[in-house]
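Here the structure is laid out as structure tokens; the discussion comes afterwards.
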Amino acid sequence: MIIHLGGELFIYSGAYVYAPGLAGAQFPFRVLLGPALYFYAHATMSPDKAISKGGWALALSGPMLVLLAMIPFIFMISPAEKLALANPLTRDPELWKIAVFTCLFTTLVFISFTLLFLVMAFKLHNNHQQQLLERFSDIEQRSLAWFTPILVIWGAVWLMYAVEFSLGALGWFWFGSGKLLPILEVFALAIFIQKALSQKVLNQSEKGLPRASQPRAALLSADKMQLIATKLERAMIDDKLFLQDNLSLNKLSESISETENHISETLSQFLHTKFFQFVNGFRIEEAKRALQDSDKLITSIAFDVGFNSKSTFNTAFKKIVGNSPSAYRNSLLDNK
12 MIIHLGGELF IYSGAYVYAP GLAGAQFPFR VLLGPALYFY AHATMSPDKA ISKGGWALAL
72 SGPMLVLLAM IPFIFMISPA EKLALANPLT RDPELWKIAV FTCLFTTLVF ISFTLLFLVM
132 AFKLHNNHQQ QLLERFSDIE QRSLAWFTPI LVIWGAVWLM YAVEFSLGAL GWFWFGSGKL
192 LPILEVFALA IFIQKALSQK VLNQSEKGLP RASQPRAALL SADKMQLIAT KLERAMIDDK
252 LFLQDNLSLN KLSESISETE NHISETLSQF LHTKFFQFVN GFRIEEAKRA LQDSDKLITS
312 IAFDVGFNSK STFNTAFKKI VGNSPSAYRN SLLDNK
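Following the working numbering, the numbering of the sequence shown begins with 12 at its first residue and continues without gaps.
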């Protein structure tokens with residue numbers, strides 16, 4: 012990012028006149044912006060400890076393509092000729108064609124590779140969230156919910172940058188060229204840094220299981236799943252395990268003496284839900300009773316029934332009940 016922004020500042024500030032040979036040196040590095048964001052997502056959320064060789068090869072192939080496209084620009088055009096290209100009155104038409112091709116091709120590679128790795132990062136984040144729903148009742152601090160908006164911000168800024176750069180290569184400029192987008196990139200980077208530094212580090216169980224070690228479906232019989240479903244209901248209604256704010260699939264497995272895989276299969280195939288929704292369903296029912304029978308603050312009720320934050324409680328309550336806890340309480344008072 013520093014090399015990318017520094018290269019743009021080098022061009023738009025006019026400093027290239029002192030070292031025209033360095034013009035465009037940032038092109039290979041900017042193609043690594045998308046892979047870098049994906050590598051962060053992998054290190055943060057993926058249960059696989061290392062990037063595959065194919066992932067590294069794909070990430071490095073972008074800069075290599077850019078370098079190949081830049082060979083004519085690097086070796087066939089002298090620094091003096093590069094400097095002359097900046098002025099329409101002094102530029103050589105044939106050399107200008109090479110320069111325009113280089114800019115447009117590198118921009119196309121940048122768009123393609125950035126889009127590819129942003130999609131890969133989005134899929135990785137989505138898979139991580141799905142695994143959390145299957146293993147934990149509290150996912151707020153584990154889900155990195157801020158990551159998808161960051162991907163959208165980066166994608167939008169980099170797309171606008173690519174469009175502006177392409178138009179600039181064709182000689183079309185506007186009053187914000189070289190000024191607005193670098194500022195937006197700095198803001199996007201600042202937001203990302205703030206969110207990333209405040210994100211708690213996830214342990215291995217919070218990232219899920221590596222693909223190679225993920226258990227296969229056990230294909231339980233209907234009778235076996237009915238037995239497990241009964242155990243699950245008893246654990247929730249009689250033992251009120253849902254009141255534990257840190258309840259996980261592992262703890263529930265130990266409590267009812269059934270494997271995590273068998274519980275997950277019963278929840279998905281027999282009860283048609285996920286662990287997260289299953290546990291929160293009982294929490295919301297408990298909260299509804301508390302809202303009806305007591306004058307406690309809604310925040311206190313949220314913590315009492317097992318939620319770790321009021322916002323998570325409000326979201327889950329509205330999704331299950333159809334309105335907010337305060338609206339639900341008001342409706343109860345109106346009906347009295």
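Ideal Cβ placement from N, Cα and C applies to all residues, glycine included. If you're wondering where the values come from, they're calculated on a predicted model, not measured in any experiment.
Task: Residues near A34 by beta carbon distance below 8 Å, same chain, minus five either side - done: Numbered from its first residue, the sequence shown carries residue 34 at position 23. Closer than 8 Å at the Cβ level, and outside the excluded window around A34, lie F21, I22, Y27, K93.
Task: Same chain, Cβ closer than 8 Å to S335, five either side skipped, listed in chain order - done: Taking the sequence shown and counting its residues from 1, one reaches residue 335 at position 324. Result list for S335: N325, F328, K329, in chain order.
Open item on the list: Do P90 and P31 have their beta-carbon atoms positioned less than 7 Å apart in this structure?
Closed with: For the purposes of this step, residue 31 is taken as residue 20 along the sequence shown, with counting starting at 1. For the purposes of this step, residue 90 is taken as residue 79 along the sequence shown, with counting starting at 1. Against a cut-off of 7 Å, the Cβ pair of P90 and P31 comes out as a contact.
Task: Closer than 7 Å to chain D by CB, L78 - done: The structure shown contains no chain D, having only a single protein chain.
Task: DSSP three-state assignment for S259, whether helix, strand or coil - done: As a working mapping, residue 259 is identified with position 248 in the sequence shown. Reduced to three states, the DSSP call for S259 is strand.
- [ ] Report all residues from its chain with a CB closer than 7 Å to the CB of I14; omit the five preceding and five following residues, and keep chain order.
- [x] Looking up residue 14 in the sequence shown gives position 3. For I14, where only same-chain residues beyond five positions count, the Cβ hits under 7 Å are Q37, F40.
TODO: Less than 8 Å between the CB atoms is what I'm expecting for L302 and L343, so what's the real figure, rounded?
DONE: On the sequence shown, residue 302 is found 291 positions in, with the first residue counted as 1. On the sequence shown, residue 343 is found 332 positions in, with the first residue counted as 1. With 8 Å as the limit, L302 and L343 qualify as a contact, their Cβ atoms being about 7 Å apart.
TODO: Name the residue from D304, N319, S322 whose alpha carbon lies nearest to the alpha carbon of R340.
DONE: Along the sequence shown, one-based indexing puts residue 340 at 329. With distances taken between Cα atoms, R340 lies closest to D304.
Task: Paired residues, beta bridge with F147 - DSSP - done: Within the sequence shown, the letter at position 136 stands for residue 147. DSSP, once it has assigned bridges, lists S259 as partnering F147.
Task: Given L44 as reference, the closest of D234, L231, L129, V212 once Cα atoms are compared - done: Against the sequence shown, residue 44 aligns to sequence position 33. Residue L129 is the option with its Cα nearest to L44.
Task: Whole-angstrom distance between A338 and N137, CA atom to CA atom - done: Numbered from its first residue, the sequence shown carries residue 137 at position 126. Numbered from its first residue, the sequence shown carries residue 338 at position 327. The C-alpha of N137 lies about 31 Å from the C-alpha of A338.
Task: Straight-line Cα distance separating A207 from P193 - done: Here residue 193 refers to the residue found at position 182 when the sequence shown is read from its first residue. Here residue 207 refers to the residue found at position 196 when the sequence shown is read from its first residue. About 21 Å.
Open item on the list: Taking the straight line between their C-alpha atoms, what separation do you get for M87 and G17?
Closed with: Here residue 87 refers to the residue found at position 76 of the sequence shown. Here residue 17 refers to the residue found at position 6 of the sequence shown. Cα-Cα distance, rounded: 25 Å.
- [ ] Take A173 as the anchor and find which of S264, M56, V163, T118 has the nearest alpha-carbon.
- [x] For the purposes of this step, residue 173 is identified with residue 162 of the sequence shown, where counting begins at 1. The option with the nearest alpha carbon to A173 is T118.
TODO: State yes or no: is the C-beta of F253 within less than 7 Å of the C-beta of R294?
DONE: Within the sequence shown, numbered from 1, the residue matching residue 253 stands at position 242. Within the sequence shown, numbered from 1, the residue matching residue 294 stands at position 283. Result yes, Cβ atoms of F253 and R294 sit closer than 7 Å.
TODO: Please check the pair L95 and D103, which I expect to be a contact at CB under 8 Å, by giving their CB distance rounded to whole angstroms.
DONE: By one-based count along the sequence shown, residue 95 stands at place 84. By one-based count along the sequence shown, residue 103 stands at place 92. The sequence as given places Ala at residue 95; Leu does not occur at that position. Separation of the CB atoms of A95 and D103 is rounded to 7 Å, and the pair is thereby assigned contact status at 8 Å.
- [ ] Would you kindly check if the distance between the Cβ of A313 and the Cβ of K307 is under 7 Å?
- [x] Position 296 of the sequence shown holds residue 307. Position 302 of the sequence shown holds residue 313. Not closer than 7 Å, so no.
Open item on the list: With the cut-off set at 7 Å, would you say I309 and T277 are in Cβ contact?
Closed with: Against the sequence shown, residue 309 aligns to sequence position 298. Against the sequence shown, residue 277 aligns to sequence position 266. No.
Open item on the list: Does P39 come out as helix, strand or coil in the three-state DSSP assignment?
Closed with: On the sequence shown, position 28 is the one that residue 39 refers to. Reduced to three states, the DSSP call for P39 is helix.
TODO: Report back the beta-carbon spacing between F176 and S259 to the nearest angstrom; my notes put them in contact at under 8 Å.
DONE: Within the sequence shown, numbered from 1, the residue matching residue 176 stands at position 165. Within the sequence shown, numbered from 1, the residue matching residue 259 stands at position 248. Your pair F176 and S259 does not check out as a contact, with CB atoms roughly 48 Å apart and the cut at 8 Å.
- [ ] Could you tell me whether the Cβ atoms of D249 and G317 are closer together than 7 Å?
- [x] Reading the sequence shown from its first residue, position 238 is the one you call residue 249. Reading the sequence shown from its first residue, position 306 is the one you call residue 317. Cβ atoms of D249 and G317: not closer than 7 Å.
Task: Span of the alpha helix (DSSP H), counted from its first residue to its last, around F286 - done: Position 275 of the sequence shown, counted from the first residue, corresponds to residue 286. F286: member of the alpha helix (DSSP H) spanning 286 to 304, first to last residue.
Task: Nearest residue (CA-CA) to F203, options D315, I161, E19, G292 - done: Counting from 1 along the sequence shown, the entry for residue 203 is found at position 192. The shortest Cα separation from F203 among D315, I161, E19, G292 belongs to I161.
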